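Its first residue numbered 35, the sequence shown is counted upward by one per residue in my numbering.
From the three backbone atoms N, C-alpha and C, an ideal C-beta is built for every residue, glycine too.
All values derive from a computational prediction rather than experimental measurement.
For reference, the structure is listed below as structure tokens.
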Amino acid sequence: MIYYQKLLEKLNTSKTLSKEDTLDILLTRDALNKTLSNKVKPSIYEILKLEELDGQLKQNAEKLIQDFDLAEYRKNFPKSPDTWWWYLDIYVQEKARESHPWNRFDWLIRVIRLIVWTGNLAVLGTLVSLFLSSGSGLGGAVTIAIPSILSLLQAQSELTETGKKGFDKVLEKVKIPQHFHEEAKLGSSLLMTGLLLGIWLNLPSISNGYKLAGQKLQDQEKLASAEEKYLQAIKLDADNLDARYKLAIIYEELQDFDNAKKQYIIAAKGGFLDAYNNLAYWYIRENKNQEGIDLLNQGVQLLEEKEQNFEQLTDVEKLNFQTQKYGIYKNLGWARFNQERYDDANFHLRAAMNIAKNPKYQKYIRNPGAAFCIYSQVLLKTDKSSSEVKENWLQCYKLIKSRLAPGEDINSEEYEWLYEAEQQLKK
35 MIYYQKLLEK LNTSKTLSKE DTLDILLTRD ALNKTLSNKV KPSIYEILKL EELDGQLKQN
95 AEKLIQDFDL AEYRKNFPKS PDTWWWYLDI YVQEKARESH PWNRFDWLIR VIRLIVWTGN
155 LAVLGTLVSL FLSSGSGLGG AVTIAIPSIL SLLQAQSELT ETGKKGFDKV LEKVKIPQHF
215 HEEAKLGSSL LMTGLLLGIW LNLPSISNGY KLAGQKLQDQ EKLASAEEKY LQAIKLDADN
275 LDARYKLAII YEELQDFDNA KKQYIIAAKG GFLDAYNNLA YWYIRENKNQ EGIDLLNQGV
335 QLLEEKEQNF EQLTDVEKLN FQTQKYGIYK NLGWARFNQE RYDDANFHLR AAMNIAKNPK
395 YQKYIRNPGA AFCIYSQVLL KTDKSSSEVK ENWLQCYKLI KSRLAPGEDI NSEEYEWLYE
455 AEQQLKK
């Protein structure tokens, strides 16, 4: 005990201590521990004196270890955690951390980090669910694998002692001061938040990628594969109205009319103009003319809003606008004809025909002859002697035939109108 006291007095008075002197102090403390442990009952004086001397050792711990690598020594000569004097470097670090001004708010940073980390897990869970349920393939798996792996590593660093120590060692290697460790850990959590939010905010773009892949497959008439891509796109972004519209067209081609209508309705409620037109078409076919007209009138309102900014549209958007306008007015004319409101039918059909006569737009319209066919029927009801009757039946015939020549499909109404045109032209 006396020798230990002398060594500590030297430690107190010296500015620096040699490695030999440091090791002498630590080994002496080992010897005292062994001696006291072997006694049946150490005296109260010995216990109190040792407590006093240990306090001096702790007070000078920073001086003791400044040129002595305790961690390296513990690695080469393993020591029990009970021999705390071999862990004075950790004591010094903890003391410095607690006393540093930056560490006053560590508790608050830990709370914020917990909130951020919990939020990250919630977002990650949602993203994993979306990508797995959409069957997004290798691309989706890779997209979600990276943040998943990083989250697992972060969870290990938060929840396990080994992980915490490992992360602290990483921070030490990159020269981040110990009093900034909590801030650095919060920073890593926020980086994860940024990564996850980046994926979340790009879901519409990822969804659009699947939609474009579906469109390519649809052009190749690989309808089952195209349907799968559109469904993946919708799963990742329920507001991808174009994907819903194109999926509805596929269902039409597959004669799955219930699902086609369902997708058209969702797209129409989202303000997708083409969906109003196609859904109204099905109502008109079912002789639900007023339901179709109600939808088409909403489409007309959207057209008017779009027309106000017509000059700001791109060339492609202007072309789409004209084809959409043709479809809306053609179907309005058809519905009004079925209701025997011939004046209204005449007005709408003439608007549609003016668009279809323009070669710039005609080749992009799906059924440019339809407006002429319906208008010819209006004339038969209102003015059979008009010179326009035969002229419009001829336009009806030519435009439908022009689509049949390259092998394009036409619907049942167009077959009926084509037959009627042939009969009328024979007269």
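Residue i to residue j, Cα distance in whole Å?
| i | j | result |
| --- | --- | --- |
| THR357 | LEU184 | 49 Å |
| LEU82 | GLY221 | 46 Å |
| GLU86 | LYS44 | 16 Å |
| TRP316 | LEU148 | 54 Å |
| LYS245 | LYS263 | 6 Å |
| PRO440 | LEU433 | 12 Å |
| LEU413 | ALA258 | 43 Å |
| ASN401 | SER163 | 42 Å |
| GLU447 | SER239 | 38 Å |
| ASP308 | ALA302 | 8 Å |
| GLU351 | TRP368 | 26 Å |
| LYS49 | THR62 | 21 Å |
| ASN321 | LEU330 | 15 Å |
Under a Cβ-count criterion, where at least 16 other Cβ atoms within 10 Å of its own Cβ denotes burial, should residue i be classed as buried or exposed?
| i | result |
| --- | --- |
| PRO181 | buried |
| MET35 | exposed |
| THR56 | buried |
| ALA156 | exposed |
| TYR360 | buried |
| LEU141 | Before going on, a small fix: residue 141 reads as Trp here, not Leu. The residue in question, TRP141, is exposed, as its Cβ has fewer than 16 Cβ neighbours within 10 Å. |
| ASP443 | exposed |
| LYS219 | buried |
| LYS364 | buried |
| GLY403 | buried |
| PHE406 | buried |
| LYS203 | exposed |
| ASN311 | buried |
| GLY159 | exposed |
| LYS280 | buried |
| PHE371 | buried |
| PHE111 | exposed |
Where do the N-terminal and C-terminal ends of the alpha helix (DSSP H) with residue i fall, by residue?
| i | result |
| --- | --- |
| PRO238 | 237–253 |
| MET387 | 376–390 |
| GLU54 | 53–72 |
| GLU345 | Looking at the DSSP string, GLU345 is not in any alpha helix (DSSP H), and its letter there is neither H nor E. |
| SER436 | 422–438 |
| PHE291 | 291–303 |
| GLU442 | Unbroken run through GLU442: none, as it is neither H nor E. |
| ILE99 | 95–99 |
| LYS209 | That residue, LYS209, is in no alpha helix (DSSP H); it is neither H nor E in DSSP. |
| LYS269 | 257–270 |
| ILE408 | 404–416 |
| THR47 | 36–47 |
| TRP463 | Residue 463 falls outside the range modelled here, since the chain spans only 35 to 461, and no answer is possible. |
| ARG108 | 104–110 |
| ARG508 | The shown model of the chain, from 35 to 461, leaves out residue 508, and the question about it has no answer. |
Just tell me which of the options has its CA closest to the CA of residue i.
| i | options | result |
| --- | --- | --- |
| GLU261 | ARG278, ALA272, ASP271, SER48 | ARG278 |
| GLU341 | LEU330, GLU54, PHE355 | PHE355 |
| GLY305 | LEU224, ASN274, TYR244, ILE268 | ASN274 |
| GLU456 | ASN365, THR47, LYS435, TYR285 | LYS435 |
| TYR376 | ASP417, ASN388, ILE362, LYS432 | ASP417 |
| LYS424 | LEU459, ASP378, ALA95, ASN401 | LEU459 |
| ALA267 | THR62, ASP328, ALA247 | ALA247 |
| GLY89 | GLU106, SER48, TYR125, PHE111 | TYR125 |
| GLU374 | VAL150, LYS269, ASN323 | ASN323 |
| GLU106 | GLN93, ASN94, ASP123, GLU96 | ASP123 |
| TYR409 | TYR398, LEU366, ASN392 | LEU366 |
| THR47 | LEU66, LEU98, VAL334, SER77 | LEU98 |
Nearer than 8 Å: is that true of the beta carbon of residue i relative to any heavy atom of the ligand PLP?
| i | result |
| --- | --- |
| GLN356 | Here there are no bound small molecules, and the ligand PLP is not part of this structure. |
Would you say residue i reaches chain B, if we count a Cβ-Cβ gap shorter than 9 Å as a contact?
| i | result |
| --- | --- |
| ILE283 | Protein chains in the displayed structure number just one, and chain B is not present. |
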